[in-house]
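**Student:**
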Amino acid sequence: MERDFQLPGELVSLHQQAIAYLEEGKFDEAIANCQQVIQQQPEWVMAYKTLGLALQKSNRLEAAENAYKKAINLDPNLVAAYGNLGSLYAQQERWEEAEVTLKQAISIDPNFRGLYRNLARVLTKIGRPEEAQSYWQKGLKLDAILKQRGQEELQIGNTLAESGKWSEAVSAFQKAIAYHPQLFLAHHKLGLGLMQLNQPAEAVSAFEKAIAIQPDFSWSHHHLGEAFQVLNKPALAVEAFRKAIAINPDFCWSYYQLAKAATQLQQWEDVADAYQKAIQLKSDFLEFYLGLSKALFELKRWQDLVKLYPSILSQQPDFIKNYYSLAETLVAQECWDAAFVIYEAIIEQNPSFLESPNNRVNWGKILVSQNRYEQAISQYQILVTQNPDCEWFYGFLADAYYQNKDWLTALENYQKAISINSNQDCFYCGLGNCLHKLGNFDQAIEAYRKAITIKNYPWYYEEIINVLMSQEKWEDALEFCFESLKNDPNHYQFYDKMKINLLHLGRHEDAEKCNHFQLPNDLLSKFCNLPSPDKWLVNSRSCSNVQTIEIYPSTSVNFKQPTTVSKSSFNFTSHRTQQPSGSVKIFPQARGLNTLNTGPLNLLNTIITGNNQVVQDLSSNNSGIALAAHNLPETIHLEGNIAFVSALYGHNYFHWMVEVIPRLHLVLASGVPVDKIVVNKFGHKYEDETLAMFDIPEHQKMFGCFRHVQAEVLIVPCRTLPTPKWACDFVKDLVLKHPSLLEEDNRCNYSSKIYISRANSYYRKVINEQELMDILKPLGFEVVYLENMSVKQQALCLHHAEVVISPHGAGLTNLVFCEPGTKVIELFPPADRTPTCYWTMSEICQLDYYYLVGEFNPELPKEIGNEIDRNPNFYIDINSLLKTMEIADII
């Protein structure tokens with residue numbers, strides 16, 4: 001008999017995966033899994049049975065025979081092992097052994113119908129047709145009896161289900177399937193029962209078996225989709241509901257469930273389409289309208305949204321409150337076009353809506369946003385007349401006049417606002433803007449400085465720089481750029497202004513460095529009251545009191561120029577480079593500084609020695625400003641050995657995965673005793689997920705917001721950009737070899753061809769992405785939204801991919817998990833310089849890399865002024881993409 005013992009969960013998962021591999025025809029993988037199970041638990045009979053079957057199917061018959069015999073030795077009553085061994089003997093034409101084995105199997109379980117057919121075939125081969133016919137008849141008779149029993153058990157299960165006795169019903173359905181494996185309705189009902197028992201994974205298997213037998217039964221597809229939703233697999237749910245709809249397009253609830261699953265994926269066009277079709281079939285269900293309203297909101301289809309509201313209000317009159325709330329939300333989020341449509345509709349329905357001063361203020365702001373300045377001025381004049389002592393109404397009125405280019409009247413109203421309340425910085429900023437437009441430069445600067453004394457905003461510094469630049473006072477403007485950076489070294493617009501001033505001063509090389517937020521050292525010394533750079537700037541290699549521990553040696557890597565149908569970028573050139581070693585540096589009495597800006601960029605990450613010198617090779621390009629900055633975070637003093645692992649741009653997935661995580665590994669691999677490990681986090685789930693993969697004792701963790709630490713001994717890992725091979729290898733192994741990954745892999749199905757969408761991002765989106773999808777989906781591509789996945793899911797998604805197409809973005813960090821030879825096409829917006837980080841990663845990971853540069857959105861200006869403009873949305877030429885795919889041998 002089989003030994004009575006409990007298997008560890010990971011061994012059960014390994015065996016289940018082996019069975020799945022067997023069904024997929026992946027025999028080598030199935031064999032490997034079974035051997036792993038047997039190595040750890042050599043007396044588990046089912047592993048030998050599965051191993052034997054995999055070996056037999058891969059024509060390794062002697063090994064298969066041994067596996068079956070081992071299973072029989074462990075459990076002499078395991079009829080399936082006898083049956084498989086009998087079929088193996090028949091395959092080898094060992095007829096007598098086959099006969100004996102199959103008859104022995106029948107004696108153990110006379111209700112195992114397949115044994116009779118196999119034995120009849122064997123008897124026919126050895127010239128005993130009468131006896132063979134007898135077994136054929138026994139098999140057919142047994143088959144009819146068992147099918148009838150299956151139908152009876154199905155009816156019993158139905159009766160139990162109607163009484164709510166789901167456990168008993170499930171048992172009956174399982175018996176029905178045992179008697180009649182092709183009874184699709186039993187599989188379907190089993191799935192329903194398992195869902196009632198909260199076993200969605202098992203229900204998926206049941207519904208899939210029902211579909212395999214009867215693919216045109218829409219209900220199995222529908223309920224399969226529901227099971228996938230419970231398992232939080234919305235992409236698979238969408239696929240299932242679409243199949244249900246294709247079979248039965250008149251069932252509104254399949255559209256409803258499709259919409260809910262697509263909502264999880266934020267596929268708003270699909271959501272809207274599904275809800276609209278559901279409404280056509282059932283127009284009196286409020287939930288359909290509410291779901292559609294959310295989709296229309298996300299799609300910014302404001303006119304359609306307004307048309308929808310009467311239908312909602314007719315069913316739920318109290319929803320008018322949501323109507324008003326939506327209007328306020330749109331104003332608060334500065335969704336001005338939407339707000340205009342909603343407000344206009346509200347005012348038409350209820351003119352008294354504007355009797356509220358707050359509503360009239362918002363309406364004025366909306367009118368300004370639509371360039372309807374005269375109408376806005378009219379609204380604000382009503383407010384000023386009704387409330388002559390409210391400074392804010394004068395301020396709003398002044399804003400409207402300013403937008404209407406009536407600088408003088410705007411100035412007068414700002415002055416009125418200030419006369420009522422002189423402690424509002426925005427009034428002085430508005431006053432400064434008017435004075436600047438009127439050519440009163442000194443007074444404008446004075447107004448901005450007054451605003452700064454009230455609220456120390458970087459934008460007010462920027463306005464002073466603009467005034468100086470408008471007078472072509474380049475040196476003065478440059479000096480004030482540095483003064484501004486002392487206040488906020490993360491405000492990247494200061495670097496843009498500095499670049500312009502340096503160009504006018506003929507310092508073109510330094511101006512180019514501003515693109516990388518690098519500050520000229522001589523100007524730092526000049527404008528920040530620092531000594532000469534050699535006094536405050538050092539390299540870790542030249543510090544006599546710094547210890548270096550090398551973990552990975554320097555390596556040489558060849559990079560080949562990638563193929564493109566676009567105009568080749570000079571960034572992508574064939575070359576050989578020497579990648580630096582992986583090491584840690586140990587400093588006595590040093591500081592680590594990371595400013596953790598709350599805006600889009602974090603520009604200051606600095607190591608400062610005990611002698612108050614910036615360590616150049618371990619710090620960001622602008623770190624000298626830290627020695628003169630006014631508003632550095634408060635210093636936390638720590639005793640002992642402190643590892644400082646924070647990285648520049650560490651809030652970004654790419655920099656977290658290829659900088660923070662490898663650098664943390666260097667610290668742990670160095671062997672240096674560590675009292676605390678400082679890692680600055682930004683609240684992303686992927687941070688916790690990856691940090692949990694390290695075995696770090698709780699008492700060592702300083703994971704959170706620790707921006708400025710002074711350590712008795714500071715341990716600093718080397719920088720990891722450009723990304724070295726050891727870092728790629730470590731990250732890949734850390735995630736893909738994590739023990740929990742196998743269970744994750746078992747639960748999910750991943751496509752071999754993926755398109756990584758940035759539709760949910762704020763910038764660098766492919767504008768004609770739907771046009772791309774119309775081309776790619778028929779070619780077998782699946783659209784993935786990596787931001788909705790865990791790190792493990794992202795890793796598996798890319799690991800299983802054979803072709804990856806994606807706009808440039810942090811999602812491509814997961815190329816590190818791809819298998820060698822994976823084809824990659826990276827899509828870029830048009831730019832002077834094309835980032836090469838993912839080409840570098842592709843070369844290191846031996847991927848087949850291509851790229852394509854898109855085109856500007858002709859409806860938008862090309863000026864560079866903010867983060868979104870630095871990363872514009874763009875078009876991809878479909879013919880160019882198809883040509884690239886042809887060159888890559890994808891199509």
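Once you know that position 17 of the sequence shown is 17 in full-length UniProt numbering, the rest is easy, because the numbers rise by one and skip nothing. Glycine included, C-beta positions come from ideal geometry on N, C-alpha and C.
1. My guess is that GLY432 and ALA417 are in contact by the Cβ rule of under 8 Å, so how many angstroms apart are they, rounded?
2. Report yes or no: do three or more beta-carbon pairs, one from the stretch 719–729 and one from the stretch 578–589, lie closer than 8 Å?
3. Do VAL204 and ALA235 have their CB atoms nearer than 8 Å?
4. I need the boundaries of the beta strand (DSSP E) containing PHE703, first residue and last residue.
5. Hey, is LYS260 close to the ligand FAD, as in C-beta under 7 Å from one of its heavy atoms?
6. Is TYR457 helix, strand or coil by DSSP?
7. According to the neighbour-count rule (16 or more other Cβ atoms, all chains shown, within 10 Å of its Cβ), is ASP337 buried or exposed?
8. Please confirm whether TRP536 and GLY671 have their CB atoms less than 8 Å apart.
9. On the CB-based measure, 16 or more other CB atoms within 10 Å of its CB, does PHE874 come out buried or exposed?
10. Cutting at 7 Å between CB atoms, please list the residues of its own chain near CYS481, excluding the five before and the five after it.
11. Just to confirm the assignment: which complete beta strand (DSSP E) runs, minimum length 3, are found wholly within the stretch 610–676?
12. Do the stretch 688–701 and the stretch 622–636 meet, that is, are 3 or more Cβ pairs less than 8 Å apart?
13. Run the CB neighbour count on ASP688, radius 10 Å, all protein chains shown included, and call it buried at 16 or more, exposed below.
14. May I ask you to report which of helix, strand or coil DSSP gives ASN866?
15. Do you know offhand how far ASN521's Cα is from LEU397's?
16. Which residue marks the beginning of the alpha helix (DSSP H) containing HIS508, and which one marks its end?
17. VAL584 and ILE715 look like a contact to me (Cβ under 8 Å); what is the Cβ gap, rounded to whole Å?
18. If you draw a straight line from the C-alpha of GLU2 to the C-alpha of VAL45, how long is it?
19. Any contact between the stretch 608–626 and the stretch 530–550? By contact I mean 3 or more CB pairs, one from each, below 8 Å.
20. So, is CYS705 buried or exposed, given that buried needs 16 or more other C-beta atoms within 10 angstroms?
21. Taking 8 Å as the threshold, find out whether the stretch 114–124 comes into contact with the stretch 83–97 through three or more Cβ pairs.
22. How many Å lie between GLU348 and ASP774 at the Cα?
23. Spatial neighbours of ILE454 within its chain, please: C-beta separation below 8 Å, excluding the five flanking residues on both sides.
24. DSSP has THR555 in a bridge; who is on the other side?
25. For the 8 Å Cβ check, are there 3 or more pairs between the stretch 341–359 and the stretch 305–316?
26. With 16 other CB atoms within 10 Å as the buried threshold, where does ASN749 fall?
27. Need the endpoints of the alpha helix (DSSP H) that ILE279 sits in, please.
28. Quick one: complete beta strand (DSSP E) runs, 3+ long, within the stretch 807–855?
29. Whose C-beta lies closer than 6 Å to the C-beta of ALA647 among residues of the same chain, with five residues either side of it excluded?
30. Using only the alpha-carbon positions, how far apart do LYS560 and TYR850 sit?
31. Apart from the five residues just before and just after VAL331, which ones in its own chain have a Cβ nearer than 6 Å to its Cβ?
32. With DSSP collapsed to three states, give me the class of VAL791.
33. Report the rounded CA-to-CA distance for ALA71 versus ALA64, giving the unit in angstroms.
34. Using 10 angstroms around the beta-carbon of ASN232, count the other beta-carbons present and answer buried if the total reaches 16, otherwise exposed.
35. Run through DSSP, which three-state label would GLN589 get?
36. In whole angstroms, what separates the C-alpha of GLU152 from that of ALA176?
**Tutor:** Well, looking at it:
1. Actually they are not in contact, since the Cβ atoms of GLY432 and ALA417 sit about 13 Å apart, beyond 8 Å.
2. yes
3. no
4. 701–704
5. Ligands in the displayed structure: none, and consequently the ligand FAD is not present.
6. Coil, per DSSP.
7. Around the beta carbon of ASP337, fewer than 16 other beta carbons sit within 10 angstroms, so the residue counts as exposed.
8. no
9. Answer is buried; the Cβ neighbour count reaches 16.
10. The answer, listed in chain order, is ILE465, PHE494, LYS497, MET498 and ASN501.
11. 636–644
12. no
13. Looking at its Cβ environment, which holds fewer than 16 other Cβ atoms inside 10 Å, ASP688 is exposed.
14. For ASN866, the predicted model reports a pLDDT of 37, less than 50, meaning its position is unreliable; a value from the coordinates is still stated below. Correct three-state label for ASN866: coil.
15. 46 Å
16. 508–514
17. Correct: roughly 6 Å between the Cβ atoms.
18. Bear in mind that a pLDDT of 44 at GLU2, under 50, signals an unreliable position, so the number given afterwards is only what the model happens to contain. GLU2 and VAL45 have their alpha carbons spaced roughly 6 Å apart.
19. yes
20. exposed
21. yes
22. In this structure, the alpha-carbon of GLU348 lies about 41 Å from that of ASP774.
23. ASN423, GLN424, ASP425 and TYR428
24. THR555 is bridged to GLN579.
25. yes
26. exposed
27. 268–281
28. 823–828 and 848–853
29. HIS655, GLU659 and VAL660
30. 11 Å
31. ALA339 and ASN362
32. helix
33. 11 Å
34. Under a 10 Å Cβ-count criterion, ASN232 is classified as exposed, with fewer than 16 other Cβ atoms of the shown protein chains found around its own Cβ.
35. strand
36. Answer to the nearest angstrom: the Cα atoms are 7 Å apart.
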